[in-house]
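>
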Amino acid sequence: MGEEEILKRRMAGQEYAKLVAIPHPEARRFVAESIELCEPEQVFICSDTPKEIEYIRQMALASGEESSLLTPGHTFHFDGYYDQGRDRAVTKLLVPKGESLGPLNQMEREEGLKEILGLLRGSMAGKTMIVRFLILGPPNSAFTIPCVECTDSWYVAHSASLLYRPGYSTFLGLTSGELFKTLHSAGRLDGRKNSVEVEKKRIYIDYIANTVYSVNTQYAGNSLGFKKLALRLAVRKAHKEGWLAEHFMVVGVRGPGGRKTYLAGAFPSGCGKTSTAMLPGETILADDLAYVRNVGGVARAVNVESGIFGIIQDVNPEDDPIIYQVLTSPGEIIFSNVLVKDGKPYWLGMGRELPTEGVNFSGEWWKGKKGPDGEEVPPSHPNARYAVALDRLPNCDPELNNPEGVELGGIMFGGRDYRASVPVQEGFGWEHGIVTFGAGLETETTFTITEPPKFEINPMSMRDFLSITLGQYLKNYLEFGRRLKKVPLIFGVNYFLKDLQTGEFLNSKRDKHVWVKWMELRVHGEVGAIKIPTGLIPEYEDLEDLFKRVLGKEYRREDYEKQFTLRVRENLEKVRRVREFWKGIPDAPPEVFEILNQQERRLTDALSLGEYISPDKF
Ligand code: SPV
Ligand code: MN
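Sequential numbering of the sequence shown, starting at 37, is according to this note's numbering.
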């Protein structure tokens with residue numbers, strides 16, 4: 037059957053009119069093919085009018101996928117018990133026969149397509165397919181990527197309203213050009229509106245056709261295609277065109293004389309990225325994803341998204357005052373996988389006592405309840421989240437929609453490293469920083485994925501999101517910096533350093549604000565630094581001053597000593613682990629080994645000063 041016929045037969049007249057107004061043939065074809073495959077009872081085309089946006093919100097409630105909370109605009113949603121995070125095992129790249137992406141999770145394309153299209157066939161029977169046209173990056177810009185999402189979940193469509201920029205009007209002017217497409221079905225649902233066939237959960241990325249398929253899942257990181265799924269598509273595009281698509285937050289940091297300096301940061305999920313982006317008194321441009329391009333020799337960044345899908349655990353008035361305020365004020369927010377009691381949301385670490393019963397991702401919940409896997413169910417899931425539009429934040433950066441993006445003064449990399457790295461240091465240059473802090477990013481994994489925690493190397497915090505080989509990815513990164521006229525400084529941060537004896541964290545959560553202010557001053561060459569074998573570290577007096585000014589806190593020399601003592605043994609072990617990891621990557625660029633070997637040599641030489649060397653020995 038021809039495309040036009042399918043559309044006419046399956047769609048109400050006004051929906052058909054909205055779709056055929058879009059001149060881009062591939063966009064229409066994708067919708068037609070998705071309809072033919074999934075056989076929805078109805079199709080709803082969202083052309084981004086306020087009425088339609090409100091309709092989606094209402095339908096998320098009417099369908100039972102969301103429910104209202106007492107505070108106006110607040111709703112909550114639960115994902116299934118086994119659907120509480122990104123699922124690495126079933127998320128695969130579809131790779132043409134005979135090709136390989138090294139250790140990335142992949143399968144043969146034809147076979148994968150057959151499987152996932154089979155699972156999607158007829159999956160929307162009796163349901164409505166919602167079609168959203170969106171854009172990634174600001175409109176009318178070199179960064180803009182147009183996207184189409186077809187989903188049978190009103191919750192997913194509603195989340196798109198909060199997290200992405202509307203794109204229907206952009207599409208009206210598009211006749212050709214690259215598109216990203218996602219097709220999602222939650223599949224068969226139970227009485228709680230949760231996907232039932234968890235063993236048939238599949239998330240496949242067909243980069244050959246720029247299409248992402250997702251089925252039998254609802255967790256937004258698996259279902260809302262434009263988060264990490266389309267990131268894989270963007271990584272390939274960026275690699276082809278010589279720019280960067282990254283797991284970055286971007287924060288605007290105020291410096292002396294009212295200036296603002298933008299810093300990007302890559303952290304694995306659950307390692308402090310969002311709270312770095314939201315430091316009080318600074319402005320937030322992006323919390324999770326950024327595209328970075330070379331514009332006239334300068335690295336300029338945009339937020340791919342326009343909202344935050346943030347971890348709610350530990351958001352409390354003291355550590356994250358801004359977002360706490362937003363989360364407790366009227367306005368549109370979707371809470372997911374929190375504890376709900378008497379119309380109010382609760383989460384772990386919110387700074388007050390939680391009820392001992394309520395409703396959560398396991399159903400009716402009471403303290404001590406065991407889940408279907410025999411594990412005790414926490415009141416709220418550690419990966420419980422909130423979705424909110426960025427412009428709801430009082431400190432949303434005014435450049436959010438600047439088509440030129442913002443200039444990056446620096447880029448930081450940080451993971452959950454209990455043992456080795458000092459809290460903040462600067463690389464000796466682009467390549468040293470990218471290799472030792474970025475390519476060598478080591479972390480303990482967190483609750484944001486559906487696996488028990490373990491230590492792993494997570495280059496640039498992109499391990500889960502690559503779609504080209506690691507070697508190609510790193511080579512593109514290194515070359516990007518070499519082509520710049522003005523090169524951002526590269527920093528390594530570690531919010532998780534512990535005292536080796538007591539096992540206690542050596543920093544408080546708010547200390548990161550001082551590190552960020554120090555970086556700002558370094559970008560402008562206004563503070564000195566001490567050279568140690570792993571990088572350039574702050575001088576005590578500068579931190580003492582910053583702790584006082586930024587946090588109103590006294591910073592003792594003994595704290596500085598503990599935090600910035602070089603742990604030679606731990607750093608040697610780290611450098612060797614990182615080298616082993618990259619040795620396993622067949623196309624690793626040779627610079628990686630040169631730089632790591634030099635670092636090892638500097639550390640070995642430093643052993644003459646001892647295994648633990650205080651900063652004033654350098
Ligand atoms: C992350 O886990 O890194 C997130 C949430 O930002 S999501 O990727 O959407 O699962
Ligand atoms: Mn993320």
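Even for Gly, the Cβ is constructed at its ideal location relative to N, Cα and C.
Predicted, not measured: the structure shown is a model, and the values here were computed from it.
1. Check whether the stretch 341-353 touches the stretch 362-378, taking contact to mean three or more Cβ pairs, one atom from each stretch, closer than 8 Å.
2. Counting only runs that start and end within the stretch 77-119, where is the beta strand (DSSP E) found for 3 or more residues in a row?
3. Which runs of the alpha helix (DSSP H) fall wholly inside the stretch 180-222 and span at least 4 residues, in chain order?
4. Sorry if obvious, but does the Cβ on residue 193 come closer than 8 Å to a heavy atom of the ligand SPV?
5. Would you mind stating whether residue 407 and residue 398 have Cβ atoms separated by less than 9 Å?
6. Within 10 Å of its beta-carbon, does residue 282 have 16 or more other beta-carbons around it, so buried, or fewer, so exposed?
7. Going by C-alpha to C-alpha distance, which of 123, 596, 89, 235 sits closest to residue 192?
8. With DSSP as the reference, label residue 302 as helix, strand or coil.
9. Beta carbon of residue 227, beta carbon of residue 155: below 9 Å?
10. Can you determine whether any heavy atom of the ligand MN sits closer than 8 Å to the C-beta of residue 280, and answer yes or no?
11. State yes or no: is the C-beta of residue 123 nearer than 8 Å to some heavy atom of the ligand MN?
12. Counting pairs of beta carbons, one from the stretch 548-559 and one from the stretch 288-297, are three or more of them closer than 8 Å?
13. CA-CA distance, residue 725 and residue 376?
14. Going by DSSP in three states, residue 65 sits in which element: helix, strand or coil?
15. Taking the alpha-carbon positions, what's the residue 335 to residue 465 distance?
16. If you compare alpha carbons, which of 634, 268, 404 is closest to residue 506?
17. In the stretch 464-505, which residue ranges form an unbroken beta strand (DSSP E) of at least 3 residues, counting only runs that do not cross its ends?
18. Apart from the five residues just before and just after residue 368, which ones in its own chain have a Cβ nearer than 6 Å to its Cβ?
19. Pull up the distance between the alpha-carbon of residue 485 and that of residue 384, whole angstroms please.
20. Specify whether the stretch 593-607 and the stretch 644-653 touch according to this definition: at least 3 beta carbon pairs, one from each stretch, less than 8 Å apart.
21. Specify the secondary structure class of residue 653 as computed by DSSP and reduced to three states.
22. Along the beta strand (DSSP E) that carries residue 330, what are the first and last residues, could you check?
23. Pop quiz: residue 252 and residue 271 are said to be a contact at Cβ under 8 Å. What is the actual Cβ separation, rounded to whole angstroms?
24. If you compare alpha carbons, which of 569, 121, 328 is closest to residue 636?
25. Roughly how many angstroms lie between the CA atoms of residue 58 and residue 461, to the nearest whole one?
26. Which residue marks the beginning of the alpha helix (DSSP H) containing residue 142, and which one marks its end?
27. Confirm the yes/no value for this check: CB of residue 260, any heavy atom of the ligand MN, distance under 8 Å.
28. Counting along the chain, where does the beta strand (DSSP E) carrying residue 401 start and finish?
29. So does the stretch 142-155 actually touch the stretch 182-197, counting three or more Cβ pairs closer than 8 Å?
30. Taking the alpha carbon of residue 508 as the point to measure from, which residue in 621, 50, 644 has its own alpha carbon closest?
31. Please classify residue 41 as buried or exposed, where buried requires at least 16 neighbouring CB atoms within 10 angstroms.
32. With distance defined between alpha-carbon atoms, name the residue in 449, 463, 310 nearest to residue 571.
33. Please output, in chain order, the residues near the ligand MN using a CB cut-off of less than 6 Å to any non-hydrogen atom of the ligand.
34. Would a C-beta distance cut-off of 9 Å place residue 302 and residue 447 closer than the cut-off?
35. Below 8 Å, how does it come out for the stretch 353-369 and the stretch 440-457: are there three or more Cβ pairs, yes or no?
36. I need the straight-line Cα distance from residue 353 to residue 629, nearest angstrom please.
Let me spell this out:
1. yes
2. 78-82, 110-113
3. The stretch 180-222 contains these whole alpha helix (DSSP H) runs: 190-199, 204-208.
4. no
5. In contact: residue 407 and residue 398 (Cβ atoms closer than 9 Å).
6. Buried.
7. For the set 123, 596, 89, 235, the Cα lying nearest the Cα of residue 192 is the one of 89.
8. DSSP places residue 302 in the strand class (E or B) of the three-state scheme.
9. no
10. Residue 280 Cβ: outside cutoff for every heavy atom of the ligand MN.
11. no
12. yes
13. No information on residue 725 is available, as it lies outside the stretch 37 to 654 that the chain covers here.
14. helix
15. Rounded to the nearest angstrom, the two C-alpha atoms are 15 Å apart.
16. 268
17. 478-480, 491-493
18. Closer than 6 Å at the Cβ level, and outside the excluded window around residue 368, lie 109.
19. 18 Å
20. yes
21. In the structure shown, residue 653 sits in a helix (DSSP, three-state: H, G or I).
22. 326-331
23. Incorrect: roughly 25 Å between the Cβ atoms, too far for contact.
24. 569
25. Taking the straight line joining both Cα atoms gives about 50 Å.
26. Residue 142 -> not in any alpha helix (DSSP H); beta strand (DSSP E) instead, spanning 142-144.
27. Flag unset: Cβ of residue 260 not near the ligand MN.
28. Element bounds for residue 401: 399-402.
29. Contact fails: fewer than three Cβ-Cβ distances are below 8 Å.
30. 621
31. exposed
32. It is 463 whose Cα lies nearest to the Cα of residue 571.
33. 283, 305, 324
34. yes
35. no
36. 45 Å
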